[in-house]
Amino acid sequence: MNDNPKSFTALETAILKTLAYFDIFDYPLTLVEIHKWLYRPPSACSIWTVSQALLGENLKGLAESNNGFYFLAGRREIIATRLDRYRPAEKKFRIARKAAWWLRRLPFLKMIAVCNNAGYNNAAPSSDIDFFIIIRQGRLYLTRLLVTLAVSLLGRRRHGKKIADRVCLSFYIADRHLNLADIALKPEDIYLVYWFATLAPIYDQGAYQEFLAANAWLKDYLPNFYPAALTGRRKIEDDFLIKFGRNFKEKILAGIFGDGLERLAKLLQLNKMKKHPSFAGNDFKVVISDSRLKFHENDRRREYLAAWEERLGRLGIS
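Encoded structure:
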């Protein structure tokens, strides 16, 4: 607990809340990142306003800066952690990009994004690569089956103890049900907010902007947020032949034949899911529907929320 409680402005509180959240993951922030990811400030504000607040007397002893990074007081060592994780992150994006290069040939695939820590270059070398995938409504199970088979054939699918640099296929949604507000923890789900903000779409047919528009509530938490533009080395574009081939496959699978394959793919996958030893356990956070497939055996959002609140308590923020 902070022995000398202070009275913070709403902006100072927002800055400390932002730094405290990323402190959980040993990730110091640049000024641009603090501004972009500023958590629930009183209103959208300029980067100059944020910089002036960081220089103010009220945050001395609570927030520090070094080499262009800002962090909670006494946590300078996390600068080295962030820098050390950049090279492994580059490797993970190369792997993700190669997988997306193949997957873009599959029908009904609208978007592939790298998510969680890897999405913002903060994944440990031993970690996997989480994919978030958007699929055309009505072909969720068929496309998931094709994605799983393709990533397995590439030798990159995470399974068993094979985790490092493997692709984790744990979250799919349909393009007509993009709003994820209903999966947020109540009353507050800061992890989900930053999960949205740090998505890195490496392949996109326009679904990413539709996804952001459907989840406009994100602006209530991060009013300064804007999506990052990935460089060419981190994303995949379509060419004419790829588009032609994919459109041809989609036409073949758009009617009754495709409907039958979708039902078969759903039946096969549901039968396999029900055999999972953790399927009925309380820790198996899973959503299964015709518009969403979410598989997280260890959903740690409540744990991260508690860690964040503990840090806020030490800072004197309720």
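For the sequence shown, counting from 1, position 58 maps to 394 in our numbering; every step adds exactly one. Where a beta carbon is used, it is the ideal one built from N, C-alpha and C, also for glycine. These numbers were taken from a predicted model, which means no experiment stands behind them.
Does DSSP classify residue i as helix, strand or coil?
| i | result |
| --- | --- |
| E400 | strand |
| I509 | strand |
| F344 | coil |
| R637 | helix |
| L554 | helix |
| R502 | coil |
| K571 | coil |
| I653 | coil |
| Y562 | coil |
| K522 | coil |
| A642 | helix |
| I624 | strand |
| A543 | helix |
| Y375 | coil |
| N394 | helix |
| A460 | coil |
| I351 | helix |
| A517 | helix |
| R647 | helix |
| A380 | coil |
| G617 | The predicted model places G617 with a pLDDT of 49, which falls under 50 and marks its position as unreliable; any figure quoted below should be read in that light. Of the three classes helix, strand and coil, the one that applies to G617 here is coil, per DSSP. |
| F358 | helix |
| L442 | coil |
What residue range is occupied by the uninterrupted alpha helix (DSSP H) comprising residue i?
| i | result |
| --- | --- |
| S387 | 383-391 |
| D420 | 414-439 |
| Y530 | 526-533 |
| R582 | 576-588 |
| L606 | 592-610 |
| K372 | 367-372 |
Where do the N-terminal and C-terminal ends of the beta strand (DSSP E) with residue i fall, by residue?
| i | result |
| --- | --- |
| L485 | Segment 476-489 is the alpha helix (DSSP H) holding L485; no beta strand (DSSP E) there. |
| L629 | 628-632 |
| I470 | 465-471 |
Within 10 angstroms of the Cβ of residue i, are there 16 or more other Cβ atoms? Answer buried if so, exposed if not.
| i | result |
| --- | --- |
| L521 | exposed |
| M609 | exposed |
| G594 | buried |
| N618 | Residue placement at N618 is poorly supported in this model, since its pLDDT is 46, which falls under 50; the coordinates still yield a value, given next. The residue is exposed, with fewer than 16 neighbouring Cβ atoms inside 10 Å. |
| D420 | exposed |
| Y422 | exposed |
| R650 | exposed |
| K587 | exposed |
| H495 | exposed |
| E598 | buried |
| W384 | exposed |
| L476 | buried |
| M492 | Checking the sequence shown, residue 492 turns out to be Arg, not Met. Buried: at least 16 other Cβ atoms inside 10 Å. |
| M337 | Reliability fails at M337, whose pLDDT of 46 lies under 50, so the model's placement of it is uncertain and no value is given. |
| V487 | buried |
Considering only the alpha carbon of each residue, which of the options lies closest to residue i?
| i | options | result |
| --- | --- | --- |
| Q545 | M447, A346, F407 | M447 |
| Y640 | W531, T349, A550 | W531 |
| L505 | E524, D518, L482 | L482 |
| F507 | F468, G542, V529 | F468 |
| R430 | F407, R412, G455 | G455 |
| H371 | I360, I519, K353, D362 | K353 |
| L390 | N607, G474, L365 | L365 |
Should residue i be listed as close to the ligand COA, given that the test is whether its C-beta is under 8 Å from any heavy atom?
| i | result |
| --- | --- |
| D575 | No copy of the ligand COA occurs in the structure displayed, which carries no ligand at all. |
From the DSSP secondary-structure annotation, give me the bridge partner or partners of residue i.
| i | result |
| --- | --- |
| R493 | V503 |
| Y406 | L365, S401 |
| P537 | A449 |
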